[in-house]
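Worksheet: the structure to be examined is printed underneath.
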Amino acid sequence: MKNIALLSGAAALVFLTGACQNRKDVRTPKYNIVYIMTDDHTAQMMSCYGSPYAETPNLDRIANEGVRFTNSFVANSLSGPSRACMLTGKHSCANKFYDNTTCVFDSSQQTFPKLLQKAGYQTAVIGKWHLESLPSGFDYWEVVPGQGSYYNPDFITQDNDTIQKHGYITNLITDDAIDWMENKRDKDRPFCLLIHHKAIHRNWMADTCNLALYEDKTFPLPDNFYDDYEGRPAAAAQEMSIVKDMDLIYDLKMLRPDKNSILKATYESFLGRMDKAQRAAWDKFYDPIIKDFYKQNLSGKELANWKYQRYMCDYMKTVKSLDDNVGRVLDYLEKNGLLENTLVVYTSDQGFYMGEHGWFDKRFMYEESMHTPLIMRLPKDFTRKGDITELVQNIDYAPTFLELAGAPVPEDIQGESLLPLLKGEKPENWRKALYYHFYEYPAEHMVKRHYGVRTERYKLIHFYNDIDWWELYDLTKDSSEMHNLYGQKEYEPIANELKEELKRLQEQYNDPVRFSPDRDKE
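Mapping to numbering that gives the first Met the number 0: the sequence shown position 283 is 282, numbers consecutive.
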């Protein structure tokens, strides 16, 4: 296994050259790969991760029949950058897709689908893309423009036509994925299918068949819902508060002609995509809630709690459709004799806040958004079951898929193959720390730029650009990251050690921010 951190100079060159040669000699069966990725689905809302709220029996099936990663993280908690890291196996500083507002993915660069094609695989991506340029490296693709729409969404086809399909987006993406497996691929060749869902992205519009679900539930507020952000000025400066920033109309559907909000027109455009039957079902459900809400005239903590309850309820309903459709894919694979020869992966492009710190959304390096669910059902030749506790990151997916396919892993890929972990091995030189870098500021939600390092126990974050602020957390004592320990004398040795590790990782990944905060992009 390559581990640049342990090598230098000529020794590293010899080792890496040998590792590349060894990888070229690898011969493994041609397993299929089905990679299912959602948007903003957090582990807190999956029953296989112990959620007290959400029931996800089909996702649980993957975990129960395979493995669950308990320390799975992203390198940049934002949709487009996370996808670029996944496709390239490289951090944002290497793949050059830093944020959702200024970047276009360079589709000419190396990606794992292109490398799988060279290894004889058929490749396909269906659903959300969100990288601005059109997909490349896929034999078949059909993607939604931008974020996509929950109802009667548009799709961009390989002919570069935009077509509208009738139905609910999670169902439609699954329909197309199953249709590709059944009717469009060469069944004598291995395949890699990327099923990328819009769900569970804001504004959490559930399928009409699920609108009435969970209305009898009451969700307890997180202990730190009313966080005062003491010692954490960057956390205090965000604009992703459920109380202050969650839009009553766009997010919570409280549409009334005499009421306005910043995002009202956008919500009305979503409703405008519905057909008469869909809109009738929608209005039948929401009209009584709207009437009751404005009658109550809530304020203060009562309004905050109401908003939280509706947010949780809408989110869970959107998860329900997703879980049902994961079940459809698993059933298809099993019925057609594909399940035992296929690696099935489920993950999200990042985690999400379900009221922790009073927030929704993601972006921060804090646990709820840096951590992402990752579960896998392994091919029959793999016997590993249960939890995998090593630190893994979304840059690891690309080398994992390549090694599983018996394809060489280029040495410029920065991730590590997870295959040894899937085989039950315990590599002695497995990484002890993860690097993170978030760039999108100033922008929506106003989360300041920051980078940091996370080990098994500690996390060090540096907020920079228009601020110079360090934060240090002991995750074993403060898993909610409420108490910034940076600057406390007894923690100076730990902070200094983590700074050295941070510097080492920035050098390993060649992040130019190590030279100056003004050089965080190249």
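Even for Gly, the Cβ is constructed at its ideal location relative to N, Cα and C.
Check	Outcome
Rounded separation between PHE218 and ASP59 - CA only	22 Å
Three or more C-beta pairs below 8 Å linking the region 277-287 and the region 397-410	no
Classification of GLN505 by the beta-carbon crowding that lies within 10 angstroms, buried from 16 upward	buried
Helix, strand or coil at ASP160 according to DSSP, with G and I counted as helix	coil
Contact check, CYS47 vs TYR120, beta carbons under 7 Å	no
Spatial distance of THR317 from TRP203 (CA atoms)	6 Å
Residues near LYS113 by beta carbon distance below 6 Å, same chain, minus five either side	GLY136
DSSP three-state assignment for ILE288, whether helix, strand or coil	helix
Contact check, ASP348 vs SER132, beta carbons under 7 Å	no
Status (buried if at least 16 other CB within 10 Å, exposed otherwise) for LEU254	buried
Beta-carbon contacts of ASP591 that lie in its chain and below 8 Å, excluding the five residues immediately before and after	Outside the modelled stretch of the chain, which goes from 0 to 521, sits residue 591, for which no answer is possible.
Any 3 or more C-beta pairs closer than 8 Å across the region 421-439 and the region 374-385	yes
Helix, strand or coil at SER78 according to DSSP, with G and I counted as helix	helix
Residues that GLY545 bridges to, as DSSP identifies them	One cannot answer for residue 545 here, as it falls past the ends of the chain, which runs 0 to 521.
Status (buried if at least 16 other CB within 10 Å, exposed otherwise) for GLN43	buried
Beta-carbon gap between VAL446 and ARG362 smaller than 7 Å	yes
Simplified DSSP state of ARG456, which is helix, strand or coil	coil
Nearest candidate by alpha-carbon position, reference TRP358, set THR475, ASP226, GLU427, LYS263	ASP226
Residue ranges of each alpha helix (DSSP H) within the region 359-411, 4 or longer	366-369, 396-403
Stretch-stretch touch, CB-based, cutoff 8 Å, three pairs: the region 167-187 with the region 136-154	yes
Outcome for VAL103 when other beta-carbon atoms lying within 10 angstroms are tallied against a minimum of 16	exposed
LEU321 versus TYR34 - alpha carbon distance	14 Å
Local Cβ density within 10 Å of ILE394, reported as buried at 16 or more and exposed below that	buried
Buried versus exposed call for ILE194 [16 or more other C-beta atoms within 10 Å across all chains shown]	buried
Unbroken beta strand (DSSP E) run spanning PHE351, endpoints	From DSSP, PHE351 is part of no beta strand (DSSP E); its letter is neither H nor E.
Distance between beta carbons of LEU497 and TYR457, contact taken as under 8 Å	6 Å
Completely contained beta strand (DSSP E) runs for the region 109-139, where each covers 3 or more residues	121-127
Residue from ILE374, GLN237, ASP465, TYR249 with nearest C-alpha to ASN63	ILE374
Per DSSP, cross-strand counterpart(s) of ASP153	GLN163
Residue nearest to ALA303 in terms of C-alpha spacing, selected from ALA235, THR55, ILE241, TYR52	ILE241
N-terminal and C-terminal residue of the alpha helix (DSSP H) that ASN170 is part of	168-178
Beta-carbon contacts of LYS23 that lie in its chain and below 8 Å, excluding the five residues immediately before and after	Residue placement at LYS23 is flagged as unreliable, the pLDDT there being 41, under the threshold of 50; a coordinate-derived value is accordingly withheld.
Residue burial classification, LYS306 (beta-carbon count within 10 angstroms, cutoff 16)	buried
Residue from LYS186, CYS92, ALA83 with nearest C-alpha to GLU521	CYS92
Host alpha helix (DSSP H) of ASN304 (start-end)	299-334
Helix, strand or coil at ARG26 according to DSSP, with G and I counted as helix	Note that ARG26 has pLDDT 49, beneath the 50 cutoff, so the model's placement of it is unreliable and no number is given.
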